[in-house]
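J.: Input: one structure, supplied below.
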Amino acid sequence: MKEAESVKEYIDRVMKVVNRIRLMGEDLPEKRIVENVMVTLPERFEAKISSLKDCWDLSQLTLQELANALQAQRKTFREEENSTESALVESHKTKAHVDDVTKG
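Given below as structure tokens:
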């Protein structure tokens, strides 16, 4: 997976390759696809993969279920980033206001 690539883009790219392989008559079980996707994910997904291993029977995990779990994790990560950014902005505004009041 490329660093700037979304989970959906990566899964779409993987499925294109899988479909080509299957068109050539090769049997490619879902379990093998899921395993390959999991080992090729960037380090930022390591905690989610560990959690999935603890909570799911990976031999039964579908690519769609994996994609959904990764997208949910990415969404949560973005929300946390936005929350942190908002808190920093508010903190800066409050400090600037206090500075203005004490100077004024």
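Numbering (UniProt numbering), first residue to last: 1 to 104. Glycine is no exception: its CB is placed at the ideal position from the N, C-alpha and C atoms. Here the structure is a predicted model, which is why all the values come from computation and not from measurement.
Please identify the residue among L66, M15 and S59 whose C-alpha is closest to the C-alpha of K31.
T.: Answer by Cα proximity: S59.
J.: Find the nearest neighbour of V39 within the set L28, D27, K53 and E26, judged by alpha-carbon distance.
T.: Cα-wise, what sits closest to V39 is K53.
J.: Alpha carbon to alpha carbon, how far is E90 from E65? Give it in angstroms, no decimals.
T.: Cα-Cα distance, rounded: 37 Å.
J.: Just to confirm my understanding: we take L28, look at its own chain, exclude 5 residues before and 5 after, and list those with CB closer than 8 Å. What are they?
T.: Around L28: V18, I21 and R22.
J.: Within the same chain, show all residues whose beta-carbon is closer than 7 Å to that of V70, passing over the 5 residues directly before and after it, in chain order.
T.: Correcting the residue identity first, residue 70 is Leu in this sequence and not Val. Counting only Cβ-Cβ distances below 7 Å, and skipping sequence neighbours, we find V7, F45 and K48.
J.: Going by DSSP, what residue range makes up the alpha helix (DSSP H) through K31?
T.: Where K31 is concerned, the enclosing alpha helix (DSSP H) stretches over E30 to V39.
J.: Taking the alpha helix (DSSP H) that S51 falls in, what are its first and last residues?
T.: E46 to C55 is the extent of the alpha helix (DSSP H) around S51.
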